[in-house]
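Visitor:
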Amino acid sequence: MTSGIQIVTNRNISKVTITDVEDRPGRAAEIFGTLGAQGFNVELVVSTGGREGRADISLAISRSQEAQVNEVMEKIRAEVGGKSVKINSEVALISLVGQGLSQEVGLAGRMFGSLSNNGINIEVISTSMSSVTCMIDEASLPGAEKALREEFDL
Numbered sequence: 072m073t074s075g076i077q078i079v080t081n082r083n084i085s086k087v088t089i090t091d092v093e094d095r096p097g098r099a100a101e102i103f104g105t106l107g108a109q110g111f112n113v114e115l116v117v118s119t120g121g122r123e124g125r126a127d128i129s130l131a132i133s134r135s136q137e138a139q140v141n142e143v144m145e146k147i148r149a150e151v152g153g154k155s156v157k158i159n160s161e162v163a164l165i166s167l168v169g170q171g172l173s174q175e176v177g178l179a180g181r182m183f184g185s186l187s188n189n190g191i192n193i194e195v196i197s198t199s200m201s202s203v204t205c206m207i208d209e210a211s212l213p214g215a216e217k218a219l220r221e222e223f224d225l
């Protein structure tokens, strides 16, 4: 058993991705500054860059704000020259949370392996000093939670 770890889930999110934006200093500040100024809280951010100076930026937002965020992101896309804005409402977050989680050697690998062994694909991964979070298909959330409870004796 790994002590002090909890499972936290969130079904009330949507994944928003702005694709093929110029990967340069300040681009993320422009995007998230605009979202913040409009009152939107972003729960998770992942940037995948490296393709000939272009990047995709994915974020998790409250599902209840999906339409408003889409409208703002389309304006941002036009301003920054992104290719498209994609929204997926059928996702959820599952996190392992605990004090000093970053010191737990192999924890992320165990988490990812447990999900994989149960046929659950991870769309986005985010880590911090106290959490490891995976964005998965919402329909897989009950199975993911069960798999992690078993893996970590929770």
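For the sequence shown, our numbering begins at 72 and goes up steadily by one. Ideal Cβ placement from N, Cα and C applies to all residues, glycine included. Just so we're clear, the structure is a prediction, and the values are computed from it rather than from any experiment.
Using only CA atoms, which one of Glu221, Gln174, Arg125, Met182 lies nearest to Glu93?
Guide: Sequence index remark: in the sequence shown, residue 93 carries index 22 (1-based). The option with the nearest alpha carbon to Glu93 is Arg125.
Visitor: Determine the burial state of Met200: buried for a count of at least 16 other Cβ atoms within 10 Å of its Cβ, exposed for fewer.
Guide: Here residue 200 corresponds to residue number 129 of the sequence shown, with the count starting at 1. Counting Cβ neighbours within 10 Å, Met200 comes out exposed, since fewer than 16 surround it.
Visitor: Using the beta-carbon count (16 or more within 10 Å), is Gly153 buried or exposed?
Guide: Reading the sequence shown from its first residue, position 82 is the one you call residue 153. It counts as buried.
Visitor: Measuring CA to CA, which of Arg181, Ala210, Ile132 is closest to Asp224?
Guide: In the sequence shown, counting from the first residue as 1, residue 224 sits at position 153. Comparing Cα-Cα distances from Asp224 to each of Arg181, Ala210, Ile132, the minimum goes to Arg181.
Visitor: Could you round the C-beta distance between Gly177 and Ile76 to whole angstroms and report it? I think they count as a contact, below 8 Å.
Guide: Position 106 of the sequence shown, counting from 1, holds the residue named residue 177. Position 5 of the sequence shown, counting from 1, holds the residue named residue 76. With 8 Å as the limit, Gly177 and Ile76 do not qualify as a contact, their Cβ atoms being about 13 Å apart.
Visitor: Would you kindly check if the distance between the Cβ of Val156 and the Cβ of Val113 is under 8 Å?
Guide: To locate residue 113, count along the sequence shown from 1; it is residue 42. To locate residue 156, count along the sequence shown from 1; it is residue 85. Contact flag unset, no.
Visitor: Using the rule of at least 16 other Cβ atoms within 10 Å of the residue's Cβ for burial, across every protein chain shown, is Ser129 buried or exposed?
Guide: Against the sequence shown, residue 129 aligns to sequence position 58. Ser129 comes out buried.
Visitor: Alpha carbon to alpha carbon, how far is Asn83 from Ser135?
Guide: The sequence position of residue 83 within the sequence shown is 12, counting from 1. The sequence position of residue 135 within the sequence shown is 64, counting from 1. Looking at the two C-alpha atoms, the distance is approximately 8 Å.
Visitor: Give a yes or no on whether the C-beta atoms belonging to Gln172 and Ser202 are separated by under 8 Å.
Guide: Here residue 172 is taken as the residue at index 101 of the sequence shown, counted from 1. Here residue 202 is taken as the residue at index 131 of the sequence shown, counted from 1. For the record, residue 172 in the displayed sequence is Leu; it is not Gln. Yes, Cβ-Cβ distance for Leu172 and Ser202 is below 8 Å.
Visitor: Sort out for me which residues DSSP pairs Met206 with in a bridge.
Guide: As a position in the sequence shown, residue 206 is number 135, starting the count at 1. Partner(s): Leu164, Val195.
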